[in-house]
Amino acid sequence: MIMRDLHDDLTALAVEWPPTPDLAAAVAARLEAPAPERRAWRPPRAAWRPALAYGLAALAAAFALTMAVSPSARSSVLEWLGLKSVTIERREPSAPPPRPGALGSGLGLGTRATLGEARDRSPFLRLPRAAGLGRPDAVYLGAAGVSLVYGERPGYARAAETGAALVVQQFRARVEPFIEKTLGEGTRLERLRVDGDPAFFITGAHGFAYETEDDQVRFEEQRLAGNTLLVERADGLLIRVEGRLARERAVAVARSIG
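Take the position in the sequence shown, starting the count at 1, then add 3; the result is the number in the numbering used here.
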């Protein structure tokens, strides 16, 4: 009833409506007119850069997955890149080659010398006569002793870090009062006797202190990535044998020093 009354009231109103326009003619004219030039919408740089980065990352991931699971696809791509004959292998990094220069020059052993000069300076020097060693490849004079350096020998593994297989040092000194005070953590010290003389076989990182004949205390750093045998002989000679060798081989070297 209410809706009917509202309809009657609205139709009874006297309203002057404007003339109805010719819509059909206007639409036809608009269709016949040439289309205006449209410019492509571009997002701000701040908006498209992250999207581009995500897109490239997704593309790279898809490419890597395809290369991993599809040998035929991998072969085709490598051939297209001109890399089909290239072989890529995963390996553990190897030790760097020894630095250029004379054998033992980077070990801080002292001044390079001839064997004759070393004997003149240190009359106590004796060469090891162990099988396979022969004459040393390099001789160095330190503040209190002599160092003999040997390159690769049959039965003696060369240390890639230094290029040397063995270092034999001789001092007029004693080591007994200081040996246990200069060993690092994780170092193993084994006491033994070599022809009745006190000796120490050391594995792990270490240095060692010793007392010279003139009552001076000196410290020697570890030279090689290997084991060390220290023998304090009754005649006052302190022998140090260091390299990648077992205890028995180190003892044989020390015993061969007359």
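The C-beta atom is built at its ideal place from N, Cα and C for all residues, glycine as well.
Coarse secondary structure for residue i, derived from DSSP in three states
i      : result
Arg129 : coil
Leu270 : The question about residue 270 has no answer, for the chain in this structure spans 4 to 261.
Val178 : coil
Arg250 : helix
Glu235 : strand
Asp218 : coil
Ala255 : helix
Pro101 : Below a pLDDT of 50, predicted positions are generally treated as unreliable, and Pro101, at 44, falls in that range; the measurement from the model is reported next regardless. Coil, per DSSP.
Ala163 : coil
Residue i vs residue j beta-carbon contact at 8 Å
i      : j      : result
Leu144 : Ala116 : yes
Tyr153 : Leu248 : no
Val178 : Phe204 : no
Ser259 : Arg138 : no
Ala167 : Leu106 : yes
Gly261 : Arg175 : no
Thr206 : Thr190 : yes
Gly148 : Ser125 : yes
Val197 : Ala257 : yes
Gly229 : Ala162 : yes
Buried or exposed by the 16-neighbour rule on C-beta atoms within 10 Å, applied to residue i
i      : result
Leu136 : buried
Glu235 : buried
Arg254 : The sequence shown places Val at residue 254, rather than the Arg named in the question. It counts as buried.
Thr114 : exposed
Ala28  : exposed
Gly187 : exposed
Would the segment 217 to 224 and the segment 234 to 242 be scored as touching if the rule is three or more Cβ pairs under 8 Å? With the cut-off at 8 Å, the segment 217 to 224 and the segment 234 to 242 do not touch.
Stretch-stretch touch, CB-based, cutoff 8 Å, three pairs: the segment 165 to 173 with the segment 192 to 201: The answer is no - the segment 192 to 201 does not touch the segment 165 to 173, with fewer than three Cβ pairs under 8 Å.
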